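In terms of my numbering, the numbers along the sequence shown are unbroken and rise by one, the last being 610. Ideal placement from N, C-alpha and C gives every residue a C-beta, glycine not left out. Quantities reported herein were computed from a predicted structural model and do not represent experimental measurements. Reviewing the structure listed below.
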Amino acid sequence: IETAPPDSGVEERPKWDNKFQYLLTCIGFAVGLGNVWRFPYLCQIYGGGAFLIPYMIALVFEGIPLLYLELAIGQRLRMGSIGVWNSISPLLGGLGIASMLVSFLVGLFYNTILAWVLWYFFHSFQNPLPWSQCPLNDNLTGFNVECVKSTPSNYFWYRETLNITPDIETNGSLNWWMVVCLASAWSILYICFIKGISSIGKAMYVTATFPYLVLTIFLIRALTLPGAADGLLYLFTPDWEVLKNPQVWLDAATQIFFSLSVAFGGLIAFSSYNAEKNNCERDAVLVGVINSATSIYASIPIFSILGFKANTAYNSCMKENILALTNHFEFSDQNITVDNYDHWVEYLNRTSSGELTRVDLKPCDLQEFLDQSASGTGLAFIVFTEAVVEMPGSQIWAILFFIMLFSLGLSSMFGQIEGVLTPINDLKVVPKWIPHELVTGVVCLISFLTALIFTQGSGNYWVEVFNSYVGSVPLLIIAFFELTGVAYGRGMKTFSEDIYFMTGKRPNIFWKACWMVISPLMLLVVLVAYVVIQAQKHPSYPTWNPAYDLFPKTEDKPYPDWVFAIIILLCVLPVISIPLVAIYRLICSRIKKSGGHVDLNPNSNDQINSNHRF
């Protein structure tokens, strides 16, 4: 690693203890909650195994090339996102600010999800599990009406956890239990971050590996559950017709893009602590392949358990119908079972159709129960918790599941916060006498106080707003400018020489074609398609409203105009620095050429040194 002379006054950059630590950190940042609760859902709704085709195309031509580019520029320049893009071109200085803002905003709601996970984890030690049965009403004369109308798992999520309001315009008060869990989540993150990459690297030995252990345990147990085969068959049976739907290709491109955690600045920061002589090409391919393989690996136990849940619900439905038939027709010595149920219904329909219509038979269709899948929080906190209740030793499985989710989320949060702290350090806006621990603590404290909005009764609605819009358009725009900035701003010839310096070989034609044409074009198509789809209708959101006529189904409401304005602001604010910085520096350049004394770059000496190293 290039170091400065002892008397130069330049601080030596920290570095990883070993290569394995660095790879674990990159993998932990890339592999997150989306691998467990988003990818399986997309496979389920988009033709099972057929979805893997657009997904793999997006991985090869969009995801890994951009991942390789970020690891390479961070490793070569050994700076955070702001320093990197200032070094490549002063006109691209706004890219680093944009990445830092996106990392900060995403970290706000992402750590709130970890607070929810902690809440469920603490309650997983109860026997029976609190979401397995409805609580009594206030008069202790029966069960809570809202819970009875929905389900115990729905009630625990929407009422006991979120204490949710009927809509986003009704804020509600701060839920003190969520404030405590949120403070705990940020405190744990701060403790892991207190020594910078030294403590992060050691924490990654646990947070990046433990989820794979839990997934393996779940895999072994799930495959032995009745109905597991139905879930796997439902997941991976390919429906080739669905590939004609352009939405499938759009979702595949965005899933692989966001799953790899590119454009946040965290990967650039992590690779900046690497030795310059390191094969970043191999690292990028390895991280990308492991990330996608984890998504597929996680889908197997998840849908095996969901198949078990559907099978259990189907059998319960059938038993209720069998009991109704037995009681109505007063069968005493006849044996109606699940296996011969259809035969008996057909027989009774021929011989006693009038009487049969008087029996309240429920529609029992295994396919419909399998269709009741969900993504995101719905999968983790409702569907999966319902399935865990039916499993023997449910407390153990609940504890393991929520520890796994917390480990996945925590390792991803390391990258989000690093994407904020490293640019701050590289900007040198903090005096040297202020310790790094204090800077980290201030960032975590500001994040915690800002995230209190998510602990209100309307907090879940705001999490959905941030999740849907902060991590969409801004990241696509940042990634597009990253690719074009390196390929055409810095120049592919110069960048190839830097890759040769680090790896001993120049990038082949595939990488060059992706960086210069294929990847930017794919990003541009995805961005335009996303904006067009979003512009076709006013955005709406599902609300949990017990007064709704069709309750417990969620009521779909359009966002109020003032919330829609905030949505636009969340899409524009993180990336507005890109054109503003470029315009400012162009103006400064013109003034300088005309005889003024305005410097193009306030850190001109550092800039020259950085360009020289590059």
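- Query: Rounded to a whole number of angstroms, what is the C-alpha to C-alpha distance between S194 and I442?
  - Reply: Their backbone Cα atoms lie some 23 Å apart in a straight line.
- Message: Among the candidates I298, L423, V102, whose CA atom is the shortest distance from the CA of I661?
- Response: Summary: the structure shown does not reach residue 661, with the chain confined to residues -3 through 610, and so no result is reported for it.
- Item | Limits of the beta strand (DSSP E) - the one that Y537 falls within | 536 to 539
- Task: Let me know if I583 comes out buried or exposed under the rule of 16 or more other beta-carbons within 10 Å of its beta-carbon.
- Result: exposed
- Ordered along the chain, which non-local residues of its own chain (more than five positions away) have a Cβ less than 6 Å from that of E551? T539, N541, Y544
- Look at the alpha carbon of Y42 and the alpha carbon of K315, and state the distance between them as a whole number of angstroms. 32 Å
- Below 8 Å, can you find three or more Cβ-Cβ pairs linking the region 373 to 381 to the region 49 to 65? no
- Task: Check the DSSP bridge columns for D552 and list the partner residues they point to.
- Result: P538
- In chain order, what residues of the same chain have a beta carbon less than 7 Å from the beta carbon of S390, not counting five sequence neighbours either side? L125, V384
- Using three-state DSSP, classify G139 as helix, strand or coil. Note on identity: in this sequence residue 139 is Phe, with Gly being the wrong assignment. Here F139 sits in strand by DSSP.
- Message: Taking the alpha helix (DSSP H) that S454 belongs to, which residues open and close that run?
- Response: First-last for S454: undefined, no H or E at that position.
- Message: Among the candidates G24, N14, V459, L319, whose CA atom is the shortest distance from the CA of M400?
- Response: G24
- Beta-carbon proximity check, L256 vs N307, cutoff 8 Å: no
- Would you report the Cα separation of L127 and F118, rounded to the nearest angstrom? Strictly speaking, residue 127 in this sequence is Trp, with Leu absent from that position. So the two alpha carbons sit approximately 13 Å from each other.
- Query: What residues are listed by DSSP as bridge partners for L132?
  - Reply: F139, per the DSSP bridge assignment.
- Query: According to the Cβ coordinates, are T161 and G168 closer than 8 Å?
  - Reply: yes
- Exposure of P570, with buried meaning 16 or more beta-carbon neighbours within 10 Å: Looking at its Cβ environment, which holds 16 or more other Cβ atoms inside 10 Å, P570 is buried.
- Query: Alpha carbon to alpha carbon, what distance is there between Q452 and G45?
  - Reply: 40 Å
- Task: Grab the span of the alpha helix (DSSP H) containing V210 for me, first residue to last.
- Result: 206 to 218
- Task: Evaluate E433 with the Cβ neighbour count: other Cβ atoms within 10 Å of its Cβ, from every protein chain shown; 16 or more gives buried, anything less gives exposed.
- Result: E433 should be labelled exposed.
- What did DSSP end up calling T161 once you bin it into helix, strand or coil? DSSP places T161 in coil when its eight states are reduced to three.
- Item | E66, buried or exposed, once every other Cβ within 10 Å from all chains shown has been counted against 16 | buried
- Note down, in chain order, each residue of its chain lying with its Cβ closer than 8 Å to the Cβ of P575, except the 5 sequence neighbours on either side. G90
- Message: Once DSSP output is grouped into helix, strand and coil, what is the label at G90?
- Response: helix
- Item | Pairwise C-alpha distance: F402 and F121 | 16 Å
- Task: Alpha carbon to alpha carbon, how far is A309 from G261? Give it in angstroms, no decimals.
- Result: 45 Å
- Query: Do the CB positions of D226 and G303 come within less than 8 Å of each other?
  - Reply: yes
- Query: Exposed or buried, what is G138 when buried is set at 16 or more other beta-carbons lying within 10 Å of its beta-carbon?
  - Reply: Per the 10 Å Cβ criterion, exposed.
- Task: Could you tell me if D494 is buried or exposed, where buried requires 16 or more neighbouring beta carbons within 10 angstroms of its beta carbon?
- Result: buried
- Message: Using CA atoms only, rank isn't needed, just tell me which of K533, P470, L114, N336 is closest to S183.
- Response: L114
- chain D within 8 Å of L125, Cβ atoms only: Of the protein chains in the structure, only one exists, and it is not chain D.
- Nearest-angstrom Cβ-Cβ length linking A249 and V522, presumed shorter than 8 Å: 5 Å
- Task: Could you pull out every residue in the same chain whose Cβ sits closer than 6 Å to the Cβ of G92, ignoring the five residues on either side in sequence?
- Result: S77, I78, W81, P419
- Query: For S468, which three-state DSSP category applies?
  - Reply: coil
- Taking all protein chains shown into account, do 16 or more other C-beta atoms lie within 10 angstroms of the C-beta of D247, making it buried, or fewer, making it exposed? Note on D247: 16 or more other CB atoms within 10 angstroms of its CB, so buried under the neighbour-count rule.
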